[in-house]
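Going down the list, the sequences are from chains A and B.
3 is the number of the first residue of the first sequence in my numbering; add one for each residue after it.
135 is the number of the first residue of the second sequence in my numbering; add one for each residue after it.
All C-beta atoms, glycine included, are put in the ideal place defined by N, C-alpha and C.
This one's a predicted model, so the numbers in the text were calculated from it and none came from an experiment.
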Amino acid sequence: MEQLLEVKGLCKNYKKFQLKEVTFDLPAGYIAGFVGRNGAGKTTTLNAIAALLRTDGGEVRLCGKTYKEDPVLYKDRIGYIGDESYFPAEMTAKEIRHILKVHYDTFKVEEFDALMKRWRLPMNQKVREFSRGMRVKLMFAQALCRRTRLLILDEATNGLDPIVRNEILNVLQGYIEDGTKSILFSTHVLSDLEQIADYIYFIDQGELVLNEAKDELLEKYLLIKGDMSDLGDEMQKKLVGLEKGEYGFEAIIEADDMAGFGSSFVYDKPNIDKIIWHFALERDGGKAHQFEGVL
Amino acid sequence: MKILISNQSELPIYAQVREQLKEQILNGEIPEGTVLPSIRKLAKEIGVSVITTTRAYNELEAEGFIASMQGKGSVVLSKENQMLREQCLIRIENGLSVAVETAKRIGLERGELLELLDMAWNGDGE
Numbered sequence: 003m004e005q006l007l008e009v010k011g012l013c014k015n016y017k018k019f020q021l022k023e024v025t026f027d028l029p030a031g032y033i034a035g036f037v038g039r040n041g042a043g044k045t046t047t048l049n050a051i052a053a054l055l056r057t058d059g060g061e062v063r064l065c066g067k068t069y070k071e072d073p074v075l076y077k078d079r080i081g082y083i084g085d086e087s088y089f090p091a092e093m094t095a096k097e098i099r100h101i102l103k104v105h106y107d108t109f110k111v112e113e114f115d116a117l118m119k120r121w122r123l124p125m126n127q128k129v130r131e132f133s134r135g136m137r138v139k140l141m142f143a144q145a146l147c148r149r150t151r152l153l154i155l156d157e158a159t160n161g162l163d164p165i166v167r168n169e170i171l172n173v174l175q176g177y178i179e180d181g182t183k184s185i186l187f188s189t190h191v192l193s194d195l196e197q198i199a200d201y202i203y204f205i206d207q208g209e210l211v212l213n214e215a216k217d218e219l220l221e222k223y224l225l226i227k228g229d230m231s232d233l234g235d236e237m238q239k240k241l242v243g244l245e246k247g248e249y250g251f252e253a254i255i256e257a258d259d260m261a262g263f264g265s266s267f268v269y270d271k272p273n274i275d276k277i278i279w280h281f282a283l284e285r286d287g288g289k290a291h292q293f294e295g296v297l
Numbered sequence: 135m136k137i138l139i140s141n142q143s144e145l146p147i148y149a150q151v152r153e154q155l156k157e158q159i160l161n162g163e164i165p166e167g168t169v170l171p172s173i174r175k176l177a178k179e180i181g182v183s184v185i186t187t188t189r190a191y192n193e194l195e196a197e198g199f200i201a202s203m204q205g206k207g208s209v210v211l212s213k214e215n216q217m218l219r220e221q222c223l224i225r226i227e228n229g230l231s232v233a234v235e236t237a238k239r240i241g242l243e244r245g246e247l248l249e250l251l252d253m254a255w256n257g258d259g260e
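Below is the structure:
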């Protein structure tokens, strides 16, 4: 399979945070979702891929080329959509259109205008007066009317109403339809992107912990609930992210291990949220949820 | 052709797509020779991932329901296709064994079950 994006050993050192050799490939024509807690390294990774920050090691190749080999082409191939508008607030869409036209070789004015019209965005109004949904759409418009190969979305759908979110999901699926382009997004709202994502990358404390096809992930694990007293030692070893509650426990197991547990437990199909939650718990040694005594 | 995905279903999404297409191929709603929408178009239309629809198509192909033709897309094969016939036989066997098991459970005689079969065969479900 042709790899659109190759990330190898990406490192970034901040005083209080390190990105530790993040490595993954994304084939052309697919959607990958980055998940993880605040401060886990999602934005740092995405910014490094978008060549928005200097890294301390590793390599990123887009369509086989690094940023240094051809900076203009590299930037032309990326469409970046952040959680906040990066357009000057005092400018109108028309003025922004002019700047984009000057900066990007492949910027198509007609396509930009068509998207503005389709999304009913005013040309002569200042970005400052735009709603959040309108600003996000403006960012999408600038990315979609160029010949990009990779869309990077950093929390771009946060705080959008369900109608706009659904519209955007549809746009995203249209973007990858011809099989030559890919999307990398980070989000906290897993449910709306859960359906369309092909791959899930879970990043925690600067490390890529999980990198799997979503369907495989959903099939591989089962949610198990039951009473602590029914758990033998052997069983306990197989649990991922044991969460003890007053009235029972909840954890994740590999579906293949189900036979070893038996009928005294309740099994459920987990969603991505649940799987990630238990993986995060496991990494914290089961402490992420222990708020007792705090309040 | 129609595909309706349920999030409440016990079946994973790729299996829902596979089963619904299979059903429509078997009952003739999607006739032989039909070119199915591309994997990517279908993924977009029903709002699921490309990997999901790819898997559904791959399994339908392995079971002999469709064949992917270079440059043409995925085409529905004829019912005479060996594999497909085998699939039908398996479905019949499965259906019959459910019927037999259920009949035994309520103490139905073999003859009575055959009568029911005849009635179903003649389209008299009353």
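For chain A, check one thing: does any of its Cβ atoms lie closer than 8 Å to the Cβ of I185(B)? Taking 8 Å as the threshold, the shortest C-beta distance from I185(B) to chain A falls below it.
Are the C-beta atoms of Y148(B) and some chain A residue less than 8 Å apart? By this cut-off, Y148(B) is an interface position.
Assign G74(A) to one of two classes, buried (16 or more other C-beta atoms within 10 Å of its C-beta) or exposed (fewer than that). Per the sequence shown, the amino acid found at residue 74(A) is Val instead of Gly. Exposed, since its Cβ has fewer than 16 Cβ neighbours within 10 Å.
Have a look at the DSSP bridge pairing and note the partners of F281(A). In the DSSP assignment, no residue is bridged to F281(A).
Indicate whether D156(A) and R39(A) have their beta-carbon atoms separated by less than 8 Å. Not in contact: D156(A) and R39(A) (Cβ atoms no closer than 8 Å).
Does the beta carbon of K206(B) sit closer than 8 Å to a beta carbon anywhere in chain A? No - not a single Cβ of chain A is within 8 Å of the one on K206(B).
Using beta-carbon positions only, say whether K14(A) and T45(A) come within less than 8 Å of one another. Using a Cβ distance threshold of 8 Å, K14(A) and T45(A) do not count as a contacting pair.
Which partner residues does K246(A) have in the DSSP bridge list? DSSP lists F251(A) as the beta-bridge partner residues of K246(A).
Applying the 10 Å Cβ sphere with the 16-neighbour rule, what's the burial state of V268(A)? If you draw a 10 Å sphere on the C-beta of V268(A), you find fewer than 16 other C-beta atoms in it, and that means exposed.
For K22(A) versus G60(A), is the C-beta spacing smaller than 8 Å? Pairing K22(A) with G60(A) gives a Cβ-Cβ distance that is not under 8 Å.
Ignore the nearest five residues each way along the sequence and tell me which others in A253(A)'s own chain have a CB closer than 7 Å to its CB. Correct list, in chain order: I226, L241, V242, G243, L244, E245 and H280.
Check this for me: beta carbons of A143(A) and L117(A), under 8 Å apart or not? One thing to note: A143(A) has its Cβ within 8 Å of the Cβ of L117(A).
Starting from I51(A), trace the beta strand (DSSP E) both ways and give me its first and last residue. It is not in any beta strand (DSSP E) - I51(A) instead sits in the alpha helix (DSSP H) that spans K44 to I51.
Report back the beta-carbon spacing between E193(B) and S202(B) to the nearest angstrom; my notes put them in contact at under 8 Å. That belief does not hold up - the Cβ atoms of E193(B) and S202(B) are roughly 12 Å apart, past 8 Å.
Nonlocal neighbours in the same chain, by C-beta distance under 6 Å from L168(B), ignoring five residues either side: The sequence shown places Thr at residue 168(B), rather than the Leu named in the question. For T168(B), where only same-chain residues beyond five positions count, the Cβ hits under 6 Å are V210.
Where F267(A) sits in the DSSP three-state scheme: Coil at F267(A), not helix or strand.
Classification of G295(A) by the beta-carbon crowding that lies within 10 angstroms, buried from 16 upward: Because G295(A) sits at a pLDDT of 39, beneath the cut-off of 50, its placement in the model cannot be relied upon, and the point is left open.
Are the CB atoms of L146(A) and G181(B) within a distance shorter than 8 Å? For G181(B) and L146(A), no; Cβs fall outside 8 Å.
For D27(A), the first and last residue of its enclosing beta strand (DSSP E): Going by DSSP, D27(A) is part of the beta strand (DSSP E) stretching over Q20 to P29.
Would you kindly report the start and end of the unbroken beta strand (DSSP E) that includes Q144(A)? Unbroken run through Q144(A) is the alpha helix (DSSP H), R134 to L146; no beta strand (DSSP E).
Would you call the segment 216 to 223 of chain A and the segment 177 to 190 of chain A touching, i.e. three or more CB-CB distances under 8 Å? Segments in contact, no.
Quick one, which residues of the segment 173 to 194 of chain A are near chain B if we go by CB-CB under 8 Å, in chain order? Listed by position along the chain: Q175, G176, I178, E179, D180 and G181.
Assuming I98(A) contacts F109(A) (C-beta within less than 8 Å), just tell me the rounded distance between them. With 8 Å as the limit, I98(A) and F109(A) do not qualify as a contact, their Cβ atoms being about 11 Å apart.
Could you tell me whether any Cβ in chain A is nearer than 8 Å to the Cβ of G198(B)? Output row for G198(B): interface = no.
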